[in-house]
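Here the structure comes first, spelled out in structure tokens, and everything after it is commentary.
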Amino acid sequence: MHFPSLIEKKRDGGELSPEEIAKVISGFTRGEIPDYQMSALAMAIFFRGMSDMETWHLTKAMLKSGQVFKYPPNSPPKVDKHSTGAIGGKTSLILAPLLACDEVWVPMISGRGLDITGGTLDKLECIPGFNVNLGHRRAIKQLEHIGVFMIGQSAEICPADKKLYALRDVTGTVPSRPLIVASIMCKKLAENLDRLVLNVRFGKGAFMKTRDKAEGLGEAMLRVGEAMDTKISYLLTAMDEPMGRSVGNALEVAEAIDVLRGRGPADVVNLVLDLAARVANAPRAQLQKWLQDGSAWKKFVSLVEAQDGSASVLEGIASIYRAPLIREITSDRDGKITAMDAEKIGRASLLLGGGRQQVEDKIDFAVGISDLKKVGESVQRNEPLMRVHARTNNALERVLPLLREAAVIGDEDHT
Numbered sequence: 000m001h002f003p004s005l006i007e008k009k010r011d012g013g014e015l016s017p018e019e020i021a022k023v024i025s026g027f028t029r030g031e032i033p034d035y036q037m038s039a040l041a042m043a044i045f046f047r048g049m050s051d052m053e054t055w056h057l058t059k060a061m062l063k064s065g066q067v068f069k070y071p072p073n074s075p076p077k078v079d080k081h082s083t084g085a086i087g088g089k090t091s092l093i094l095a096p097l098l099a100c101d102e103v104w105v106p107m108i109s110g111r112g113l114d115i116t117g118g119t120l121d122k123l124e125c126i127p128g129f130n131v132n133l134g135h136r137r138a139i140k141q142l143e144h145i146g147v148f149m150i151g152q153s154a155e156i157c158p159a160d161k162k163l164y165a166l167r168d169v170t171g172t173v174p175s176r177p178l179i180v181a182s183i184m185c186k187k188l189a190e191n192l193d194r195l196v197l198n199v200r201f202g203k204g205a206f207m208k209t210r211d212k213a214e215g216l217g218e219a220m221l222r223v224g225e226a227m228d229t230k231i232s233y234l235l236t237a238m239d240e241p242m243g244r245s246v247g248n249a250l251e252v253a254e255a256i257d258v259l260r261g262r263g264p265a266d267v268v269n270l271v272l273d274l275a276a277r278v279a280n281a282p283r284a285q286l287q288k289w290l291q292d293g294s295a296w297k298k299f300v301s302l303v304e305a306q307d308g309s310a311s312v313l314e315g316i317a318s319i320y321r322a323p324l325i326r327e328i329t330s331d332r333d334g335k336i337t338a339m340d341a342e343k344i345g346r347a348s349l350l351l352g353g354g355r356q357q358v359e360d361k362i363d364f365a366v367g368i369s370d371l372k373k374v375g376e377s378v379q380r381n382e383p384l385m386r387v388h389a390r391t392n393n394a395l396e397r398v399l400p401l402l403r404e405a406a407v408i409g410d411e412d413h414t
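Below you can see the structure in the form of structure tokens.
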């Protein structure tokens with residue numbers, strides 16, 4: 000296979016054959032295709048796209064690069080959810096233990112942060128000792144014991160995607176629809192699920208900027224899932240403002256714990272319940288009760304303990320990672336919040352050190368933005384709009400103008 004010819008073929012709008020796609024993925028997985036050539040192909044796909052057939056064969060090749068989970072006979076239904084990236088997206092931390100209160104199994108394989116959006120694994124690793132690298136046998140035993148695990152991709156699960164996922168993050172190819180579809184669906188198909196709900200985000204803080212593009216992504220994933228006999232539904236969610244009131248790893252874990260303790264922001268609670276209701280056996284009212292009566296919280300504690308985490312520190316997690324510098328940004332007038340730009344807030348969190356700008360970057364769990372005002376809320380002059388958590392003065396000063404731009408205040412409607 001002459002790889003530059005395949006790059007040129009896709010660059011010029013050609014369609015890659017199933018055999019070519021299979022050879023690309025197997026060669027890349029084995030290390031025979033260097034990162035710089037795979038990056039060039041990813042960029043060609045970004046600009047030229049892929050047909051449904053190409054996307055399906057890409058997904059299948061990435062799935063076949065590793066193992067598929069196998070479960071004991073007559074085990075409960077296997078369910079999961081996936082979100083297509085969000086600013087302040089902490090729903091998986093709540094949804095997984097909540098669903099495990101139902102008579103289902105939740106084998107959740109998650110990823111790390113991409114560009115300005117955070118990753119579930121990064122948040123879980125805020126919890127001291129939490130092990131996201133369970134082997135297959137241990138993961139299945141944990142399902143049998145507590146009904147849920149939350150892990151990253153092991154070397155055995157879609158290794159091609161693991162390599163490509165890291166490459167996309169630093170080559171400007173994150174928002175490619177076929178690459179998003181293949182990345183999400185190969186991992187979910189490897190879980191061997193019965194039901195899957197997808198939360199497809201659109202708007203300023205999402206990969207998909209418009210509702211139409213988000214719907215196209217959802218439909219593309221539906222078609223891939225149907226080809227593999229997995230029951231899939233999707234929910235479109237606007238992401239022009241951050242989800243909840245916190246952005247940043249430890250800050251978001253603390254907010255997720257608030258929800259699991261029966262508190263937390265209403266937008267997060269409602270989204271979790273809407274998603275859970277699509278794959279659970281129990282009705283929405285019962286799911287809400289499990290959030291309020293402590294059942295979901297107890298399941299989360301069991302999950303943390305089962306994966307070697309320190310459950311005793313959970314409720315003080317934000318204190319463990321308290322940033323050295325905390326600065327309030329205040330309103331310069333009376334009025335009402337008309338916009339809280341999720342993209343700018345996500346970019347600020349990244350610049351503070353809360354995400355990766357290069358594959359090898361280490362994340363600072365303590366930094367981020369908290370106590371965000373929500374669109375529609377009234378504010379008075381000098382009232383805090385948000386709190387910025389920074390490691391250094393340089394980082395703080397760098398993001399302050401961006402965050403001031405993110406909050407737009409209009410006149411109160413007195414009619």
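Take 0 as the starting number for the sequence shown in numbering that gives the first Met the number 0 and just add one per residue. Ideal Cβ placement from N, Cα and C applies to all residues, glycine included.
Unbroken alpha helix (DSSP H) run spanning residue i, endpoints
{"i": "I115", "result": "Element bounds for I115: n/a, residue is neither H nor E."}
{"i": "P400", "result": "392-405"}
{"i": "H135", "result": "135-145"}
{"i": "D193", "result": "D193 -> no alpha helix (DSSP H), and no H or E assigned at all."}
{"i": "L97", "result": "90-99"}
{"i": "D11", "result": "Element bounds for D11: n/a, residue is neither H nor E."}
{"i": "L221", "result": "210-226"}
{"i": "L349", "result": "Unbroken run through L349: none, as it is neither H nor E."}
{"i": "Y35", "result": "34-47"}
{"i": "F299", "result": "294-305"}
{"i": "A21", "result": "17-28"}
{"i": "V258", "result": "248-259"}
{"i": "K372", "result": "Here K372 belongs to no alpha helix (DSSP H), and DSSP marks it neither H nor E."}
{"i": "P158", "result": "158-168"}
{"i": "A60", "result": "51-63"}
{"i": "D340", "result": "Taken as a continuous stretch (DSSP letters only), D340 belongs to no alpha helix (DSSP H), as it is neither H nor E."}
{"i": "T119", "result": "119-123"}
Continuous beta strand (DSSP E) stretch holding residue i: start and end
{"i": "T236", "result": "230-237"}
{"i": "G367", "result": "367-369"}
{"i": "H81", "result": "78-82"}
is_contact[residue i, chain B] using C-beta, thresh 8 Å
{"i": "M238", "result": "Although the question refers to chain B, the structure presented lacks it and comprises just one protein chain."}
Pairwise C-alpha distance: residue j and residue i
{"i": "K122", "j": "A39", "result": "31 Å"}
{"i": "S91", "j": "R380", "result": "36 Å"}
{"i": "L178", "j": "V278", "result": "25 Å"}
{"i": "L274", "j": "V103", "result": "15 Å"}
{"i": "L142", "j": "A347", "result": "38 Å"}
{"i": "D445", "j": "A365", "result": "Past the edges of the chain, shown from 0 to 414, lies residue 445, and the structure says nothing about it."}
{"i": "D266", "j": "S16", "result": "44 Å"}
{"i": "G30", "j": "I24", "result": "10 Å"}
{"i": "N392", "j": "L399", "result": "11 Å"}
{"i": "H144", "j": "R283", "result": "24 Å"}
{"i": "I139", "j": "L401", "result": "45 Å"}
{"i": "E146", "j": "V131", "result": "Before going further, note that residue 146 is Gly rather than Glu in the sequence given. Each residue's Cα considered, the two are about 16 Å apart."}
{"i": "L62", "j": "L133", "result": "19 Å"}
{"i": "G204", "j": "A249", "result": "20 Å"}
{"i": "P72", "j": "M0", "result": "42 Å"}
{"i": "G224", "j": "K9", "result": "25 Å"}
{"i": "D79", "j": "L192", "result": "7 Å"}
{"i": "M195", "j": "H81", "result": "Per the sequence shown, residue 195 should be read as Leu rather than Met. Looking at the two C-alpha atoms, the distance is approximately 8 Å."}
{"i": "I20", "j": "G26", "result": "10 Å"}
Cβ distance (whole Å) where residue i is taken to contact residue j below 8 Å
{"i": "T172", "j": "F45", "result": "5 Å"}
{"i": "M207", "j": "A213", "result": "4 Å"}
{"i": "T58", "j": "A181", "result": "4 Å"}
{"i": "K89", "j": "E251", "result": "4 Å"}
{"i": "R390", "j": "G352", "result": "6 Å"}
Beta carbon of residue i nearer than 8 Å to that of residue j
{"i": "V246", "j": "I108", "result": "no"}
{"i": "R397", "j": "L349", "result": "no"}
{"i": "P158", "j": "T28", "result": "yes"}
{"i": "V169", "j": "Q285", "result": "no"}
{"i": "V387", "j": "I408", "result": "no"}
{"i": "F68", "j": "E190", "result": "yes"}
{"i": "L97", "j": "L290", "result": "yes"}
{"i": "P241", "j": "I336", "result": "no"}
{"i": "L188", "j": "T229", "result": "yes"}
{"i": "L120", "j": "G128", "result": "no"}
{"i": "L371", "j": "M385", "result": "yes"}
{"i": "D160", "j": "C125", "result": "no"}
{"i": "I344", "j": "A295", "result": "no"}
For residue i: DSSP bridge partner residues
{"i": "K335", "result": "S377, G409"}
{"i": "M149", "result": "M107"}
{"i": "L329", "result": "As written in the sequence, residue 329 is Thr, which differs from the Leu given in the question. T329 pairs with P383."}
{"i": "A279", "result": "DSSP, once it has assigned bridges, lists no residue as partnering A279."}
{"i": "L313", "result": "Answer is none; L313 lacks a bridge partner."}
{"i": "M0", "result": "Partner(s): none; M0 has no beta bridge."}
{"i": "R200", "result": "T236"}
{"i": "M207", "result": "F201"}
{"i": "A389", "result": "L324"}
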